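J.:
Residue numbers (the working numbering), protein chains in the order written: chain H, 13 to 658; chain W, 13 to 658.
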């Protein structure tokens, strides 16, 4: 039976009370529990399987929460959660949602921080230790960081400062010989030599930073780990305990759940497969937008590799999530670079390639691009180098609070000189990629990869299919039925002008990126209102059909002043829709543009903005978020009716 | 005579043509030129004096611009500029403004990038080298990075990736044994051992990253450097050339220009004094706002150190610029931590201290906080840890394009859960600091340190002196004359409610932070218009006096809905003023708030926004920027009149 011993562990005290000889059995029980949980629920099973013994040993030797353990990224904290009163969440399928996939102080006093981005644990632990020393405390402070995380910028800053700070601080380096995909970088040869030599080889990266050092070869031997942690427990100076673990230990290579859902991903390595496992229920589902559009992008680029030496795809460690399959990477050769978990380097690296004449394409998640804010501004935009950034996972979703895509428009859209494109179809996406990586483009471009709302609309045929545009034939003023006014903005890229999907009157819906399908549903509903007896009777006689205009802005870096001004002719109300934070986002720029216009007719146009509140959300389903933010057909139409009535 | 030989150098070819024996004399001539230039013009003289011989040797051995030299931060590129056709800028006082203090491709084909932030040179060079290898080129790529810059996060990512990449890449580590202030961190002991051992000591940080390594003890011996660079010139793999130089070589310790202008800064060390030298003409001027308010802040904190062990001041390497004097640091002891150039670590470190119960205060420039965007969001705001950030140098200024403060409001103000305060007086600033570091505050706070417009207004008595507020007595609805409506927002901090400086009618000026003095001038001019015969006659009879309202928002993280709504009663026009980028900034939020209001009376209120265009600016004088952006009394009043007339 699973969970026999585990169910008796309600906190570290129960673990301390066990006989040492019981620990291996407890670890095996946890291992079985994790594998079952992975089948049902998915998650970062691989890293947790590797960390079972180390986590048991940490809680055996130290006294949490008095002693403070900081898990880097914290996706490997499942075992920690099991040992600190939350085992039921992993044993009982009905309780799975009672815990997040990351540490969270709101969930338990044993969780020091909410963490989901890599490399910060050492710096955070330095802060905890500093305060302890200022207050004259005696608790122990432990940072647990993987070899993959170790390649991220801030981790090095932490290593460098830890030694200078002094005092009790234990840095457990969980070396499982892999990052999300393979480890990348020169230091991994050093780590390999340390492993091969039992921790004695020079040069030693950790001692080079001034840190004391211990090595534990069998990082899945709980007895050895207890001994090692006990030895360093009361150290009066920072010490690295380098433990060699096996990611995914206990998960057969042939286990179905270790197979990627995406069949085009080769199954030779356990790397990505063991990093994040999809639940069994996800098998055989069609690809989601990230992988679908990502694979299309890679296919387009790959077809050009032979003739364009400067076309280089850069992925800071998370290729699989973005459709950069192992098969593609193998074929791409020198045209593909995994820089490891190093978003900042990746952006500067891309800028360097572009400065020398290349056309780099850097792909990662919206939430991870946040780490590169300064490089986006300084190395890329200020230098106006033609790199293309593929922004995956931008927009609202039911993600946890550490991986939200709600903030990308407000981040990218306010950087001078950065062209920000928001394609609303596969064709437009690939056209934009072809243009941004061509010699026609002379500056940095971010393309917000379409999300599932677009993919679903394309699959169901919801979106009109006449929206194809080619780079050779950008939208021109003449093709836009609403206005004959010539463009007053410089057409520095083919999507500078907004695309009028449907020209109507009274109300203009400007639906950015992923919200275009919502905009289409809104104008369809408005147009059909009189034909809909129920609606007409509920809302009364004012509920006349409205033939509203629908506009696809296609980008969020500049405003199309010509189109915006032209709307004043036949419209009373402009509505902006965006699947991101309103504050600092795109719609507010539209509102301010009208408000500040010198022509009183144009300035008088009412504007309503729909988007997300400035807040963090944690695993709130998208439908609930849309309801909360008024991003539903009913709520949008209700606000439109209210404002037209006035 | 200065510049005899230097004037004959119009590019690297002229340097190549010199006899090797002439190089030391050229170096001495450059040294004299730099010292004279520093007296007249100021600048990063110390680092350039240390880099004279290395720069001459680089241009002697390599063939720029075919070979690409990337100067990290690029403040040490003066000698490079002299050798690449720009010597006149340093020799002729009238031509000093023809060059920036940093490299810039618009200035010369020998400058690879615009750079002003640390640590990115290796990553950029990796990109240049990658593209060379993709294209089958044979040019050499060189990154030049100081030991101080080496502590910044991205530099480590670069080191780690350089070795993995392979190919010709030369990383010159300019080790002058100091950062902007002292070097900080465990790796500097390793560097010291390398210096002491002639480059042979283990552990070697560079070889630990997988890089080849050379050491040059006398980094100011041009002959030795030419030999070292020649030896590695055609390397087929990345190699570090570690050169030991002397910052400020040739600048007597007793030289007047090495003395800090601020008399309260001790003069014992050459560190800050030699980092940035003020021109002689700056001597004996009163303190600017950064140092003035910074010193006040430190004095307040210092008075509490004895009783508050958790009060810790953190400076990532630039204490002197922000009034954190050497004398203060010496007295502060453990209450002060210089983390080196590690902004990201500094923010996570602060969050750790705060989580453990401390009240950390992190001080740096607006432009450098950009590097911490992800830590601000994840480690700080998502974790809601009560750290205080002192944001120095925020706002418009005549700075170069790599150090602009125009983007901070748009960055900080859009992060959920981060309280953003914009004090407009010394008293308010210190009250805010006292509150944010007290137990009354439970979350992260950024305080935008007042700029020179505020300091000048305080010195000249322009601002009304009844604006003092204390933490114990926050602004309440009852104290606000415009509206009796009770506050509908939660007063989560004493400055949530806007402060009504003057209650008038028709026009309400909301002047954020540093623009409050401008707002005061606007309402004064509007009020005096009829008394001013010239104005009345010029503008005609419509130019009646207006008793406009002036509001000090005090913060830019939330909107005071009560006050904003109340303005609809007696006002036709709301005007926002901010000294930062409009797009994504604060005023657009005010505009959108009104536009989206459900009460048609409130929604009908016109709003005009004044602030900066989304653009990079390079050494444009502030008065010119204000003129460009309409941030002058005349332009603001003209737009107000236009819109009232409508």
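Built from N, CA and C at the ideal position, the CB exists for glycine as well.
Only a predicted model underlies this, so the values are computations on that prediction, with no experimental measurement involved.
Kindly indicate which three-state DSSP category residue 467 of chain W falls into: helix, strand or coil?
T.: Helix at residue 467 of chain W.
J.: So, with DSSP's three-state summary, where would you put residue 124 of chain H?
T.: Reduced to three states, the DSSP call for residue 124 of chain H is coil.
J.: So for residue 173 of chain H, helix, strand or coil by DSSP?
T.: If DSSP states are grouped into helix, strand and coil, residue 173 of chain H belongs with the helices.
J.: Could one say the Cβ of residue 619 of chain H lies closer than 8 Å to chain W's Cβ atoms, at least one of them?
T.: Yes, contact with chain W.
J.: How about residue 517 of chain W and residue 570 of chain W: do their beta carbons lie closer than 8 Å?
T.: Going by C-beta atoms, residue 517 of chain W is not nearer than 8 Å to residue 570 of chain W.
J.: For residue 107 of chain H, count the other beta carbons within 10 Å of its own beta carbon; 16 or more makes it buried, fewer makes it exposed. Which is it?
T.: That one is exposed.
J.: Check whether the Cβ of residue 175 of chain H lies closer than 7 Å to any heavy atom of the ligand NAD, and answer yes or no.
T.: Within the structure as shown, the ligand NAD is missing, as the structure has no ligands at all.
J.: If you run the structure through DSSP and keep just helix, strand and coil, what is residue 26 of chain W?
T.: DSSP places residue 26 of chain W in helix when its eight states are reduced to three.
J.: Output yes or no for whether 8 Å exceeds the beta carbon distance between residue 632 of chain W and residue 407 of chain W.
T.: No, these two residues do not count as a Cβ contact at 8 Å.
J.: Flag residue 89 of chain H as yes if its beta-carbon sits less than 8 Å from any beta-carbon of chain W, otherwise no.
T.: For residue 89 of chain H, the answer is no, since every Cβ of chain W falls outside 8 Å of its Cβ.
J.: Please compile the residues from chain W whose C-beta is within a distance smaller than 7 Å of the C-beta of residue 146 of chain H.
T.: Here the neighbours are 321, 322, 324, 346, 370.
J.: Which of the three DSSP states, helix, strand or coil, is assigned to residue 83 of chain H?
T.: Three-state DSSP puts residue 83 of chain H in a strand.
J.: Tell me the residue span of the alpha helix (DSSP H) that contains residue 341 of chain H.
T.: Its alpha helix (DSSP H) spans residues 338-344.
J.: Between the segment 410-426 of chain W and the segment 370-379 of chain W, do three or more beta carbon pairs fall short of 8 Å?
T.: With the cut-off at 8 Å, the segment 410-426 of chain W and the segment 370-379 of chain W touch.
J.: Would you give the residue range spanned by the alpha helix (DSSP H) that residue 307 of chain H belongs to?
T.: Its alpha helix (DSSP H) spans residues 301-314.
J.: Let me know if residue 612 of chain W comes out buried or exposed under the rule of 16 or more other beta-carbons within 10 Å of its beta-carbon.
T.: Per the 10 Å Cβ criterion, exposed.
J.: Three Cβ pairs or more, each shorter than 8 Å: is that satisfied between the segment 225-239 of chain W and the segment 381-392 of chain W?
T.: Output reads no: the segment 381-392 of chain W does not touch the segment 225-239 of chain W.
J.: Our contact map puts residue 180 of chain W next to residue 357 of chain H with C-beta atoms below 8 Å; I'd like the distance itself, whole angstroms only.
T.: In fact, because the Cβ distance is near 19 Å, the residues do not count as touching under 8 Å.
J.: Distance check for residue 34 of chain W and residue 364 of chain W, CA to CA, integer angstroms please.
T.: Roughly 56 Å separates the two Cα atoms.
J.: Looking only at DSSP bridge pairs, what is residue 117 of chain H linked to?
T.: None; residue 117 of chain H has no bridge partner.
J.: Nearest CA to the CA of residue 262 of chain H: which residue from H/46, H/298, H/243?
T.: Per the Cα distances, H/46.
J.: Is it true that the CB of residue 122 of chain H sits closer than 8 Å to the CB of residue 292 of chain H?
T.: For residue 292 of chain H and residue 122 of chain H, no; Cβs fall outside 8 Å.
J.: Which value, in whole angstroms, describes the spacing of the CA atoms of residue 150 of chain W and residue 214 of chain W?
T.: Residue 150 of chain W and residue 214 of chain W: Cα-Cα distance of roughly 33 Å.
J.: I want to know whether the segment 340-358 of chain H touches the segment 318-325 of chain H - three or more CB-CB distances under 8 Å.
T.: A contact exists between the segment 340-358 of chain H and the segment 318-325 of chain H.
J.: Give me the chain W residues within the contact set of residue 577 of chain H, using Cβ-Cβ distance strictly less than 7 Å, ordered along the chain.
T.: Those do not exist, as residue 577 of chain H stays about 17 Å from chain W at its closest Cβ, beyond 7 Å.
J.: Run down chain H in chain order and give the residues with a C-beta less than 8 Å from the C-beta of residue 174 of chain W.
T.: The contacting residues are 198.
J.: Out of W/307, W/75, W/105, state which residue places its alpha-carbon closest to the alpha-carbon of residue 95 of chain W.
T.: Residue W/75 is the option with its Cα nearest to residue 95 of chain W.
J.: Using alpha carbons as the reference points, say which of H/159, H/424, H/290 lies closest to residue 252 of chain H.
T.: For residue 252 of chain H, the nearest C-alpha among the options comes from H/159.
J.: DSSP on residue 404 of chain W, reduced to helix/strand/coil?
T.: Residue 404 of chain W: strand per DSSP, three-state reduction.
J.: Tell me the rounded alpha-carbon separation between residue 270 of chain W and residue 289 of chain W.
T.: Reliability of the predicted coordinates at residue 270 of chain W is poor, the pLDDT of 39 falling under 50, and the value obtained from them is presented with this limitation in mind. Near 7 Å, if we compare the C-alpha coordinates of residue 289 of chain W and residue 270 of chain W.
J.: Cβ of residue 202 of chain H less than 8 Å from any chain W Cβ?
T.: True, the Cβ-Cβ gap to chain W drops below 8 Å.
J.: With a threshold of 8 Å between beta carbons, is residue 566 of chain W in contact with chain H?
T.: Cβ-Cβ to chain H under 8 Å: no for residue 566 of chain W.
J.: Which residues of the segment 111-137 of chain H have a Cβ closer than 9 Å to any Cβ of chain W? Give them in chain order.
T.: Going along the segment 111-137 of chain H in chain order, one finds 117, 124, 125, 126, 127, 128, 129, 131, 132, 133, 134, 135, 136, 137 with a Cβ nearer than 9 Å to chain W.
J.: Select from the segment 93-110 of chain H all residues with a C-beta closer than 8 Å to any C-beta belonging to chain W, and list them in chain order.
T.: So nothing in the stretch comes that close.
J.: Which partner residues of residue 327 of chain W appear in the DSSP bridge assignment?
T.: Its beta-bridge partners are W/350.
J.: Does the count of Cβ pairs from the segment 441-450 of chain H and the segment 586-596 of chain H closer than 8 Å reach three?
T.: The segment 441-450 of chain H vs the segment 586-596 of chain H: no contact.
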